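Note sheet for the following structure.
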Amino acid sequence: MTNVQRILVTGGAGFLGSHICDRLVEAGHDVICLDNFFTSQKTNVTHLLDKPNFELIRHDVTMPVWLEVDQIYNMACPAAPGHYQYNPIKTMKTSVLGAINMLGMALRCRARILQASTSEVYGDPEVHPQPESYRGSVNPIGPRACYDEGKRAAETLFMDYQRMNAVDVRVIRIFNTYGPRMHPYDGRVVSNFIRQALAREDITLYGDGSQTRSFCYCDDLVEGIIRMMNGPDDLSGPVNLGNPDEFTIRELAELTIELTGAKSKIINEPLPADDPTRRRPDITLAKDRLDWEPEVKLRDGLAKTIESFQSIDLSAYRPPTPNY
Ligand code: NAD
Ligand code: UDP
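Sequential numbering of the sequence shown, starting at 770, is according to my numbering.
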């Protein structure tokens, strides 16, 4: 293969990071996966360990690291509300110090760097669906702020490194994504519902379930991420990546019950503070500039995810450990 790149994936052992590593290793690139395993398991990448073009480093992005690379996918950050609220100060440090350390490396190496930002920068949106031009409605002092504001500050850093130092940056805003290798105890809705249904437990619907999300299957998202990294030179972003098919959370619960054949009951629990009421990406920009749009329907992606959850040993997973 020509044009082999040395590529760093921070958070590379996580749900999305490990799928990115798979794609890059398969394409023949020289891949460094860096992770502190706060919310992930080594098992997400053990199948890559004997590949000559894959390296695994245990490291925390809040600390500087010296590597020589051509591209950086900055994915490191806890993403599920339960995980990022576990130690909110650390979450903010991971977003901000992690961005500074990785941008410093990109500057020194003249590497292109992609930031995994999030639809959470839109907060509880007053504009629907959300285009990139919408500036968001985030509560800066609520329980989600460590993540939302951390990611917003990281976007600011990316754009300032570009303006001040001409660093070649890319920013994507990822909307709810699901699939195999999600942490089964991350508390996110897809993993919770599937785990509960398979264990014949009650399905915990927060609030009345009328809030909406738009769910993207991981393979579609990773295709979009890789296209963005290798896309047009003038496309720094931010660019929304997600599936515009919108569902209520109640619909998701009902579909999970149907696809698992579970006898679970749906029970209502209180809605967490600042839980966004609606969320759907406007992906016009990604369609126009990256020729990208998701292909996998929720029903099909959910079936694949259920199948993967059926084959995992839940006793091998534990909640995140303290990580100060
Ligand atoms: P994940 O928790 O599975 O992956 C995050 C990875 O980062 C884990 O392997 C974790 O151990 C690692 N990590 C966390 N803090 C770190 C630190 N300080 N140093 C080194 N590694 C650290 O979550 P994910 O869903 O794969 O999310 C990956 C990225 O995508 C995150 O930045 C997240 O904010 C973003 N994102 C994800 C979604 C989604 O729906 N999955 C939506 C929006 C944004
Ligand atoms: N949710 C739910 N039951 C659960 C977990 C989540 O009803 O067991 C709801 C949650 O309140 C939110 C939606 O599902 O409205 C998506 O939650 P998730 O934590 O997956 O992602 P985020 O809120 O960050 O989009």
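Note that beta-carbon positions come from the ideal geometry of N, C-alpha and C, so glycine has one too.
Here the structure is a predicted model, which is why all the values come from computation and not from measurement.
Asked: Taking only the alpha-carbon atoms, compute the straight-line gap between Asp791 and Lys920 and give it to the nearest angstrom.; Found: 25 angstroms
Asked: Around the Cβ of Glu924, are there at least 16 other Cβ atoms within 10 angstroms (buried) or fewer (exposed)?; Found: buried
Asked: Look at Ala782 and Asn822 and say whether their C-beta atoms are less than 7 angstroms apart.; Found: no
Asked: Going by CA-CA distance only, name the one from Met844, Thr1053, Leu785 and Arg1019 that's closest to Pro1013.; Found: Thr1053
Asked: Counting along the chain, where does the alpha helix (DSSP H) carrying Ala914 start and finish?; Found: Ala914 to Asn934
Asked: Measure the C-alpha to C-alpha separation of Ala922 and Val794 and round it to an integer number of angstroms.; Found: 31 angstroms
Asked: Could you tell me if the beta carbon of Asp1014 falls within a distance shorter than 6 angstroms of some heavy atom in ligand 2?; Found: no
Asked: Could you check the C-alpha separation between Cys802 and Asp1082 for me, to the nearest Å?; Found: 24 angstroms
Asked: Between Ile859 and Glu918, what straight-line distance do the alpha-carbon atoms span, to the nearest angstrom?; Found: Checking the sequence shown, residue 859 turns out to be Lys, not Ile. Answer to the nearest angstrom: the Cα atoms are 13 angstroms apart.
Asked: Which residue or residues does DSSP assign as beta-bridge partners of Ile943?; Found: Thr887 and Leu1010
Asked: Using the rule of at least 16 other Cβ atoms within 10 Å of the residue's Cβ for burial, across every protein chain shown, is Gly867 buried or exposed?; Found: buried
Asked: Would Ala966 pass as a contact of Thr1017 if the rule is Cβ separation under 7 angstroms?; Found: no
Asked: Between Cys846 and ligand 1, is the CB less than 6 angstroms from at least one heavy atom?; Found: yes
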